[in-house]
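Report on the following structure.
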Amino acid sequence: MKGASPINKTRQDLQSGDHRSPIQNKLSANEAWLRDTFQACEDVQIKSLILPTKQAPRSVLLVYCPGVCKVDLINQQVIPSLGRVLQTIVPETSNQERVIAAWQYSSVQSVKVLEEVIAPVFEGKVAVLINGVATAFLLDVADLPNREPSETNSEVSVKGPRDGFTEELSVNIALVRKRLKTNSLRTEYFRLGTRSQTQVALLYIEDIARPESIKEVREKLNKIDAESIYSSTQIEERIISAKFSIFPQMDYTGRPDYVVESVLKGRFVLIIDGVPTSLIAPCNLFLMLKAAEDMHTNYIYASFERILRIIGLFVAVLLPGFYVAITSYHQDQIPLSLLATLLLARKGIPFTIPLEAFLMLLLFELFREAGVRLPSKIGQTLAVVGGLIIGDAAIRSGIASPSLLVVAGTTAVTTFTLINQSLAGAVSILRLLIMILSSFLGLFGFFVGMFVIYVYMANIRSFGISYLTPVSAFSWKDFFLFFMREPQARVWKRPEFLHPLDATKEGSADDET
Numbered sequence: 001m002k003g004a005s006p007i008n009k010t011r012q013d014l015q016s017g018d019h020r021s022p023i024q025n026k027l028s029a030n031e032a033w034l035r036d037t038f039q040a041c042e043d044v045q046i047k048s049l050i051l052p053t054k055q056a057p058r059s060v061l062l063v064y065c066p067g068v069c070k071v072d073l074i075n076q077q078v079i080p081s082l083g084r085v086l087q088t089i090v091p092e093t094s095n096q097e098r099v100i101a102a103w104q105y106s107s108v109q110s111v112k113v114l115e116e117v118i119a120p121v122f123e124g125k126v127a128v129l130i131n132g133v134a135t136a137f138l139l140d141v142a143d144l145p146n147r148e149p150s151e152t153n154s155e156v157s158v159k160g161p162r163d164g165f166t167e168e169l170s171v172n173i174a175l176v177r178k179r180l181k182t183n184s185l186r187t188e189y190f191r192l193g194t195r196s197q198t199q200v201a202l203l204y205i206e207d208i209a210r211p212e213s214i215k216e217v218r219e220k221l222n223k224i225d226a227e228s229i230y231s232s233t234q235i236e237e238r239i240i241s242a243k244f245s246i247f248p249q250m251d252y253t254g255r256p257d258y259v260v261e262s263v264l265k266g267r268f269v270l271i272i273d274g275v276p277t278s279l280i281a282p283c284n285l286f287l288m289l290k291a292a293e294d295m296h297t298n299y300i301y302a303s304f305e306r307i308l309r310i311i312g313l314f315v316a317v318l319l320p321g322f323y324v325a326i327t328s329y330h331q332d333q334i335p336l337s338l339l340a341t342l343l344l345a346r347k348g349i350p351f352t353i354p355l356e357a358f359l360m361l362l363l364f365e366l367f368r369e370a371g372v373r374l375p376s377k378i379g380q381t382l383a384v385v386g387g388l389i390i391g392d393a394a395i396r397s398g399i400a401s402p403s404l405l406v407v408a409g410t411t412a413v414t415t416f417t418l419i420n421q422s423l424a425g426a427v428s429i430l431r432l433l434i435m436i437l438s439s440f441l442g443l444f445g446f447f448v449g450m451f452v453i454y455v456y457m458a459n460i461r462s463f464g465i466s467y468l469t470p471v472s473a474f475s476w477k478d479f480f481l482f483f484m485r486e487p488q489a490r491v492w493k494r495p496e497f498l499h500p501l502d503a504t505k506e507g508s509a510d511d512e513t
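So that you can map any letter, position 113 of the sequence shown is 113 in UniProt numbering, and since no number is skipped, the others follow by simple counting.
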């Protein structure tokens, strides 16, 4: 496939290339190496066979892992076909292409090095080694544990499709291919992790995506040197620019329709084998406030929801700090009637306002963490009932004031409007930072915290794109589209800040070439 990247070499290949073990013509030497390698892997079967041929009986070695492959297929198809394959192996005329063709099997690979047999065996392939042939043949008989595509739990679908990603890489790519039947959708494979040998797929549309972004992510993936990769976060933290940033620099989704929408706008997507979510980049702050369901909702209501999320982000970060600053240092700015209500509600409270606010927010974070870790039904009950009971008890016992509980509850609700949970975690930290500054410096500390956060975000770049786009690289059209969703009949241009090769969305512009 055009644009496909070669699979990464493992650490042993890079550091010990001269000590790799080529496959020998003598089968006994290969068998000894394989049995020594797999001696502690009792789930791996090494079966030695002697099959008759026209010339003389020939030894054959089969290596496979019954837990991840179809043993019946090996017994019913692979072994019976060995007789036909052995007839093609004549020392004077045999070649690798003839042997592969003789298998009459849909998927046959050949390798010349014994180390290259290990990972395929655990992927569900059966390795066939023949005496007198310095090549191992890999046949795909995989039967890996998997599940059917189902609705993702983290992104609720009301009108949209419900076939979410699974842990199987090929299934996830097929879900995207089902929606984008074009040869311009490129798929590049990388193998990461010297032990885990995890496959990662890079998806993008060749005539839309910005070439510099694709080149950058390809180079960063090739430079990853890790023992094992089993999480999307492991990859994200290795390829982002600001590696110690609390802000997520790649979006994630478990919905293939959102992946299609992203690549059509000029972004690229990383799908990791064994992970039911994909990574999306380049990413900015406002992308993480969008929901996959927006494209399946009326544009007026979708725009209204998007504005609510943006308001929710600011309220979740700023409200506790503003409350602490205004009630602790700037009481003269509060209307007298409201001030009287606040002072009356705080009568008998033994804690200062900053300490009281800190305790309430800490309690909220504990409830949220408990709700996430417990089973879904129990967690929801704990978050609601527990919050009501403890909140009421805190007021009755004089530990907290009703006004502060209203602030904490409003903060909790606005935090739940955030779709990206990585962003929600960053919001919790920033909220605490601003509240601490407000506790010591009042409104001055509040605005200093806002300024520091803004400058910090302005310096973050995600694969060449500013994190605060379209505010930093200002464009009226892009700025408007981050707050509003246009009717589909009027959406005919891609976002300018992504610098797509094909800026239009007209049907004639997307024809296959």
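Idealized CB from N, CA, C, for every residue including glycine.
For residue j and residue i, believed in contact at Cβ under 8 Å, the rounded distance
i                 : j              : result
serine 21         : tryptophan 33  : 6 Å
valine 141        : alanine 127    : Between alanine 127 and valine 141 the Cβ distance is about 11 Å, and since that is not below 8 Å, they are no contact.
glycine 266       : threonine 198  : Contact flag wrong, Cβ pair sits at about 27 Å.
valine 108        : alanine 136    : With a Cβ gap of about 11 Å, valine 108 and alanine 136 do not count as contacting.
leucine 129       : asparagine 25  : Contact doesn't hold; Cβ gap of about 10 Å is too wide.
asparagine 284    : tyrosine 467   : 5 Å
leucine 175       : proline 256    : 4 Å
tyrosine 258      : alanine 292    : 4 Å
phenylalanine 268 : isoleucine 214 : 6 Å
Exposure of residue i, with buried meaning 16 or more beta-carbon neighbours within 10 Å
i                 : result
arginine 494      : buried
lysine 347        : exposed
isoleucine 378    : exposed
leucine 41        : The residue you asked about is not leucine; residue 41 is cysteine in the sequence shown. With fewer than 16 Cβ atoms within 10 Å of its Cβ, cysteine 41 is classed as exposed.
proline 470       : buried
leucine 501       : exposed
asparagine 459    : exposed
valine 60         : buried
lysine 290        : buried
glutamate 92      : Caution applies to glutamate 92, whose pLDDT of 43 falls short of 50 and renders its modelled position unreliable; the model cannot decide the point.
asparagine 153    : exposed
arginine 147      : exposed
arginine 485      : buried
threonine 182     : exposed
leucine 336       : exposed
aspartate 478     : buried
proline 145       : exposed
serine 462        : buried
proline 52        : exposed
serine 228        : exposed
glutamate 188     : buried
phenylalanine 482 : buried
Residue i versus the options, residue with shortest Cα-Cα distance
i            : options                           : result
leucine 221  : Arg186, Ala209 and Ile272         : Ile272
cysteine 65  : Ala119, Ser157 and Asn420         : Ala119
glycine 132  : Thr166, Gln87, Tyr105 and Ala174  : Gln87
alanine 281  : Leu339, Ile300, Leu313 and Glu237 : Glu237
valine 200   : Ile334, Leu62 and Thr277          : Thr277
leucine 388  : Gly409, Pro375, Gly398 and Gly371 : Gly409
glycine 124  : Ser462, Phe364 and Leu139         : Leu139
valine 315   : Thr414, Val44, Leu441 and Leu374  : Thr414
arginine 210 : Ser241, Gly464 and Ser475         : Gly464
alanine 370  : Val385, Glu356, Ala357 and Arg84  : Val385
Close beta carbons around residue i, own chain, < 7 Å, minus the five adjacent residues each side
i                 : result
phenylalanine 446 : Gly321, Phe322, Ala325, Ile434, Leu437 and Ser438
aspartate 332     : none
leucine 423       : Pro248 and Met288
valine 319        : The sequence given here has leucine at residue 319, not valine. Once the five neighbours on either side are set aside, the close Cβ partners of leucine 319 are Val407, Thr410 and Thr411.
leucine 73        : Val141
tyrosine 299      : Arg485, Glu486 and Pro487
Own chain partners of residue i with C-beta closer than 6 Å, once the 5 adjacent residues on each side are dropped
i             : result
glutamate 167 : Gly274 and Pro276
histidine 296 : Lys159 and Gly160
Cut-off 8 Å between Cβ atoms - residues of its own chain near residue i, not counting five sequence neighbours on either side
i             : result
glutamine 421 : Ser154
Note to self: At 4 residues or longer, what runs of the alpha helix (DSSP H) sit wholly inside the stretch 306 to 358?
What the structure shows: DSSP runs (the alpha helix (DSSP H)) wholly in the stretch 306 to 358: 336 to 345.
Margin query: So within the stretch 114 to 191, which uninterrupted alpha helix (DSSP H) runs reach at least 4 residues, ignoring any that extend past its ends?
Written below: Uninterrupted alpha helix (DSSP H) stretches at least 4 residues long and entirely within the stretch 114 to 191 occur at 115 to 122 and 169 to 177, given in chain order.
Notebook entry, point to check: Can you give, in chain order, each stretch of the beta strand (DSSP E) that sits fully within the stretch 33 to 85 and has at least 3 residues?
Noted result: The DSSP assignment places complete beta strand (DSSP E) segments of no fewer than 3 residues inside the stretch 33 to 85 at 45 to 51 and 58 to 64, in order along the chain.
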